[in-house]
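2 protein chains.
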Amino acid sequence: MSLGAALEYARAHEAAAIRELREFVRFPTVSSQPQHAADIRRCAAWLARRLHKAGLDDVRIVRTPRHPLVYAEWLRRPGAPTVLIYGHYDVQPADPLDEWTAPPFAPVIRGDDLYGRGACDDKGQMFIHVQAMEACLRTARALPVNVKCIFEGEEEIGSPDLEPLIERHRRALRADVALISDTRMLAKNRPALSCSERGALSMELEVSGPKHDLHSGNFGGAVHNPLQALCEMVASLYDRRGRIAIPGFYARVRHFSPPVRAAIRRTGPGDPGFLREAQVSRGWGERGYNLYERTTLRPALSLSGIAGGYSGPGVKGIIPARAVAKLNFRLAADQEPREIEALVRRHLARITPPAVRSQVRIVSRASPAVIDPRHPAMRAAALAFRKGFGRVPVFTRSGGTIPAVSLFQKLLGIPTVLMGFALPESRIHAPNERFHLPNFRRGIATSLWFLHLLGKDAPWLATARASLGGK
Amino acid sequence: MSLGAALEYARAHEAAAIRELREFVRFPTVSSQPQHAADIRRCAAWLARRLHKAGLDDVRIVRTPRHPLVYAEWLRRPGAPTVLIYGHYDVQPADPLDEWTAPPFAPVIRGDDLYGRGACDDKGQMFIHVQAMEACLRTARALPVNVKCIFEGEEEIGSPDLEPLIERHRRALRADVALISDTRMLAKNRPALSCSERGALSMELEVSGPKHDLHSGNFGGAVHNPLQALCEMVASLYDRRGRIAIPGFYARVRHFSPPVRAAIRRTGPGDPGFLREAQVSRGWGERGYNLYERTTLRPALSLSGIAGGYSGPGVKGIIPARAVAKLNFRLAADQEPREIEALVRRHLARITPPAVRSQVRIVSRASPAVIDPRHPAMRAAALAFRKGFGRVPVFTRSGGTIPAVSLFQKLLGIPTVLMGFALPESRIHAPNERFHLPNFRRGIATSLWFLHLLGKDAPWLATARASLGGK
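If you're matching them up, the sequences are chains A and B in order. Mapped onto this note's numbering, the consecutive letters of the first sequence carry residue numbers 565 to 1035. Mapped onto this note's numbering, the consecutive letters of the second sequence carry residue numbers 565 to 1035.
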């Protein structure tokens, strides 16, 4: 295996790779919006062709009840470790559309950045590994390790079909370690390996009252307004100390000792840096924790949207018949989504005012995940980052959620290397999302180094298997 | 003047009148939505042609900074009283569109009802008087009184241009009494004359935080969520006793003595009847008042919409950058919109959490209005209802707001006869708005009777002018 040749190949084909990435971003693969189902199918087909062209074997489009997953593998190196590479080609909704400076699905390059919904989360990042594998396969007709690829189209809706799919194909998906690039670096020259992810529980809370909208002149003051009731319910979910006011909510949240917390704080941004990243002037939240701890060690509730009543220009004189809030809980280590769901359901039913009705619909659930930084694959990843970026990565914690991480842990018994190439300023989930193209180049080199280090350092495998209790 | 001939003419031309009304309803004259500006202009032109065809003089389309007003007059009976007939041809937004059983601007007749946005509020009702005037002018080439008509296109956005327009044309608009059909009967066979209207103050409250939406995983728990802050602010605007929790808000609300309140309660529906009308199982609001009192004697705040964050299918993992609530206050007798506005602004500024910013935009203001039921024109209206509907009307109070009523009182010094033909079940402002066509027929007869009674009973005029302090 010549790593040098592969690195050279990747450098020489950089312009073509960026052209392809732009093609990839052009598909409006918004998984939460049913009108994009066909776009998602077309994108899956495009991706499958691309994986086939890269030289991978057994490329297939796997149907699910919602959006297809694209699978590919290369297993021609018996005895070598197997890496499960995961990514997602679906994206967040692009709205608010009027805040984009260029259309979200007509990607443009400005300066060093490629702008477009999904450019960074996660098309740009997952495509890094496709380019790296191709570079190996074109130059050496082989990969340094065995590889199984899962690129799904449902991550942004909480990966609802991933768990049954992995369960069904548990044997076929056996691997030694998973690799995901869908997290952030601390800054352009500060790579990071995330050692934990928060879990998530997303739900819609609907409050309904009158059968239809009522005239606010004729009925205002005598009929409870479901939108007002919804606001009252939601407002009560946080107490004055910035804690979630649901009985039992914090019961299982993992406690960290002061020295451990101090060590964790040192790996993340301080409050001033955090505020700069968020571009806000002051922080908010649970007392007794700094901002980085609040987003990584502690749970949170984000109200991500409300739809109720009239939202057009001016004001409409109505009491709306119903209103819906979208609640996005982020769960800390040791919180279990189903247990939290039960607590939340019970509490919401209890605080529903008597003159209205409420209903909860679960959108997605994901467990929190923790990765041991001493795992040999993490050490290989750290070295790969040093080769690709010239800097040793920091072991950080992430406040985000990739459902696959906890599923791989639970169902396949393997840890995930979270080799993220996004930046704090990448605006993922927001308008004007962008991918820093130098990270695309360096990412491909880092991926190549990682695969080669894993392949070379075969003994790690036995150790890892032993330390994980065997698989 | 032959009332009989006019009544006969109206009966004979009923089918044509309904056909014309359907044409009228077909214009999507949503005044709050800029995209309908041209529809509104087209409708104004149609209405002007219709008034001209009816035989009215000096028909003109009067421009305003927003939507035009249509004026017409007939002043060929010197010495007779002058009636200022007001109506509005603009309508509320039609959404939520998916709850309409037929498209809102493709009116259909089912049973005795004409369905369509504006069929009742106010196109159907104002058209009654156009038909009545035409019946007189075709059969007698004259009206029994002098008439000035103002049909505006901005009522549903709070009549923002009516006040300056009346001020500018104060002399030209001089009249003895105003006539508006834009209120409700108590039931199909229970006509009503409203003696009071609540005022209104509509505003948008915007809360903003981060420069752009933030990823709820990376920032959730450490950056204040403007939508959450908005909910907290709005939730705090009502206290546990169902009262608006803004200091000073109730300071000027008119106090009614227990016997007066008892008399008022008798004119409106009891709580069971009120709940049937609203189609809800239980009431809500300020303790110590029944439901009818809460909507007529007492102020209210209706949250008529919230727009914030993501409102599409599923959940988006964001902290939205901003959120807007639409607040619709209804004001009780003696509350002044500008004074209340100052109280509300001060209070909202005070309760804005420190980590976000808030801003208030006023959409419209209207003063409450009171009409003396002993005014001779009210007596004529009562008799006209008895002739048109076979029942003496009840003097009621309305919880709604027609800005014109207080403006006519303040600027022209005249009372308004609120001769409403809507029904509690007409679903005004809601999906599937409908106009009960028997009320259209009976309304035309009532209007004819009213105009004839006013013209015959000339001495009332002197009395009324004296009692009002002369004009």
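Yeah, the Cβ is synthetic: ideal placement off N, Cα and C, and Gly gets one too.
Listed along chain A are 782, 783, 784, 785 and 786, each with a C-beta nearer than 7 Å to that of residue 859 of chain B. Per DSSP, reduced to three states, the secondary structure at residue 595 of chain A is coil, with no helix or strand assignment.
Residue pairing from DSSP places residue 867 of chain B in a beta bridge opposite B:891. For residue 890 of chain B, the closest Cβ of chain A is nearer than 8 Å. Burial state of residue 819 of chain B is exposed, judged by a 10 Å Cβ sphere holding fewer than 16 other Cβ atoms. Less than 8 Å separates the beta-carbon of residue 720 of chain A from that of residue 656 of chain A. Across the structure, residue 756 of chain A and residue 750 of chain A are spaced so that their CA atoms are roughly 6 Å apart. Here the stretch 979–989 of chain A makes no contact with the stretch 773–790 of chain A; the two share fewer than three CB pairs at distances below 8 Å. The beta carbon of residue 848 of chain A falls within 8 Å of a beta carbon belonging to chain B, placing the residue at that interface. Contact between the stretch 660–679 of chain B and the stretch 720–736 of chain B is absent: fewer than 3 CB-CB pairs across the two stretches fall below 8 Å.
The beta carbon of residue 868 of chain B sits closer than 8 Å to some beta carbon of chain A. Residue 996 of chain B: not part of any alpha helix (DSSP H); DSSP gives it neither H nor E.
Between the beta-carbon of residue 671 of chain A and that of residue 658 of chain A there is about 12 Å, and that puts the pair past the 8 Å contact cut.
Under the three-state reduction of DSSP output, residue 966 of chain A falls in the coil class, being neither helix nor strand. Shortest Cα-Cα distance from residue 811 of chain A to any of A:905, A:723, A:754 and A:831 involves A:905.
Secondary structure note for residue 942 of chain B: it is in no beta strand (DSSP E), and the uninterrupted alpha helix (DSSP H) holding it is 940–953.
Among the residues facing chain A, residue 658 of chain B is not included, as its CB has no counterpart in that chain under 8 Å away. Boundaries for residue 817 of chain B: no beta strand (DSSP E) harbours it, and the DSSP string shows neither H nor E there.
Here residue 971 of chain A is near residue 726 of chain A, since their CB atoms are less than 8 Å apart. Under DSSP, residue 709 of chain B takes part in no beta bridge, so it has no partner. Straight-line spacing of the CA atoms in residue 911 of chain A and residue 879 of chain B works out to 21 Å.
Counting of Cβ neighbours within 10 angstroms places residue 824 of chain B among the exposed residues, the total staying below 16. The C-alpha of residue 741 of chain A lies about 13 Å from the C-alpha of residue 937 of chain A. Within the DSSP bridge table, the entry for residue 923 of chain B names B:770 as partners. Under the three-state reduction of DSSP output, residue 1019 of chain B falls in the helix class.
The three-state secondary structure of residue 856 of chain B, taken from DSSP, is helix.
With distances taken between CA atoms, residue 863 of chain A lies nearest to A:849 out of A:870, A:713, A:849 and A:875. In chain order, 776 and 777 make up the part of chain B whose C-beta sits under 8 Å from the C-beta of residue 995 of chain A.
Any Cβ of chain A closer than 8 Å to the Cβ of residue 965 of chain B would place that residue at the interface, and such an atom is present. DSSP places residue 703 of chain A in the helix class (H, G or I) of the three-state scheme.
Annotation: residue 803 of chain B to residue 876 of chain A spans about 28 Å, alpha carbon to alpha carbon. Taking 8 Å as the cut-off, the beta carbon of residue 944 of chain A is found closer than this to the beta carbon of residue 1018 of chain A.
In the structure shown, residue 644 of chain B falls within a coil segment according to DSSP collapsed to helix, strand and coil.
The beta carbon of residue 874 of chain A sits closer than 8 Å to some beta carbon of chain B. Here the C-alpha atom of residue 695 of chain B lies approximately 28 Å from the C-alpha atom of residue 977 of chain B.
Per the C-alpha coordinates, the member of B:641, B:611 and B:762 positioned closest to residue 632 of chain B is B:611.
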